[in-house]
Amino acid sequence: MSFNATSAFTIYRAELMRFLRTAFGSLVSPVLTTCLYFIVFGAAIGGRMDEVGGVEYGAFIVPGLLLLTMLSESTSNASFGIYMPRFTGSIYELLSAPVGVAETLAGYVGAAVTKSLILAAIILLTATLFVDYHIMHPLAAFGFIVLVAAAFSLLGFILGLWADGFEKLQMVPLLLLTPLTFLGGTFYSIDMLAEPWRTAALFNPIVYLVSGLRWTFYGQADVSIAVATGLTLAFLALCVIVIATIFKTGWRLRE
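If you're matching positions, the sequence shown starts at 36 in my numbering and goes up one per residue.
What follows is the structure, encoded as structure tokens:
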């Protein structure tokens, strides 16, 4: 069956309108949290720290803070988007309609990625109020942000299919993603760690995301940008395969 663009756009528009109806609340909390991080780490602590790799500390943490918020929001937006149809029973309308996996992902995940990009733009604008930073490779930065947002929106989609209660929707973002991001080089370079902690940090997948985005900003990274991009693409592909398998088997969709 060919791709049904009308169906995909209908799902996308409905999800985006849901976000716009609560945009104020959805954006205020992440922006305020980011401001607090800049005040505490950028001003209070950063003023007492030397430059990291030739970059002012306040500017050095911008990519990490961006990912800290974006990973959580991408996952939460996509998980809530697909969980609500399951919760209300309207998922059966989607399953009975001539809509395939591609259209469903394009609609739900596309809307979640759009929300993440809006949030990323606002956070970057907010950062200009606190620090003077620059983006050395803007196109690469945009592409990497889109790639990460898509990968973790797909993860959120899987989470929304797996969860059988609202508390489980927050389990992965709060108990897994946030701690891993804090330990993934958000506020420091892993080169600053002593062994064996530096080697242990390389087993944290978020290290590669933070490092990849930091390279697009300042041209320096703890790991190769090629490795960071390749691992993110592999994770994205794995999520797509898992979702396709779920739709093929009907797991959780008809419960």
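Quick reminder that beta carbons are idealized off the backbone N, C-alpha and C, glycines included. Quick caveat: nothing in here was measured; it's all calculated off a predicted structure.
Excluding its 5 nearest sequence neighbours in each direction, L228 has C-beta neighbours in its own chain below 7 Å: A236, listed in chain order.
Beta-carbon to beta-carbon, S224 and V87 are separated by about 6 Å, close enough to satisfy the 8 Å threshold.
Pairing T221 with I281, the inter-Cα distance amounts to about 34 Å. Burial of E108 is indicated by the presence of at least 16 other C-beta atoms within 10 angstroms of its C-beta. Of the other Cβ atoms in all chains shown, fewer than 16 fall within 10 Å of the Cβ of R48; this residue is therefore exposed.
The shortest CA-to-CA distance from V242 to any of G89, W250 and L218 is the one to L218. Take L182, set aside five residues on each side of it, and the residues of its chain with a beta-carbon closer than 8 Å to its own are T264, T267, L268 and L271, in chain order.
Under the DSSP definition of a beta bridge, V63 lacks any partner.
Around the beta carbon of K283, fewer than 16 other beta carbons lie within 10 angstroms, which makes this residue exposed.
Rounded to whole angstroms, the separation of the alpha carbons of G93 and F73 is 7 Å. Restricting attention to I117, G124, A162 and Y253, the CA atom closest to the CA of L71 is found in A162. Fully enclosed alpha helix (DSSP H) runs of no fewer than 4 residues occupy 92–95 of the stretch 71–100, in order along the chain. Between G195 and S114, the C-beta gap is smaller than 8 Å, which places the two residues in contact. In this structure, Y118 lies away from I46, with their beta-carbon atoms at least 8 Å apart. Shown here, S224 sits in coil according to DSSP, grouped into three states, outside any helix or strand.
Closest in alpha carbon position to I278, among G135, P98 and E91, is G135.
A distance below 7 Å between beta-carbons, with the five flanking residues on each side excluded, links S246 to the following residues of its chain, in chain order: G220, A256, D257, V258 and A263.
If the five residues before and after T251 are omitted, its C-beta is found closer than 6 Å to the C-beta atoms of H172, A175, A176 and F179, all from its own chain and listed in chain order. Taking the CA atoms as reference points, Q205 sits about 33 Å from E230. For Y47, the enclosing alpha helix (DSSP H) begins and ends at A40 to R56. Excluding five sequence positions before and after R83, none of the CB atoms of its chain fall closer than 7 Å to its own CB. L62 and L154 do touch by the CB rule: their CB atoms are close to 7 Å apart, below 8 Å. Of the residues I170, D85, W286 and A147, the one whose Cα lies closest to the Cα of S188 is A147.
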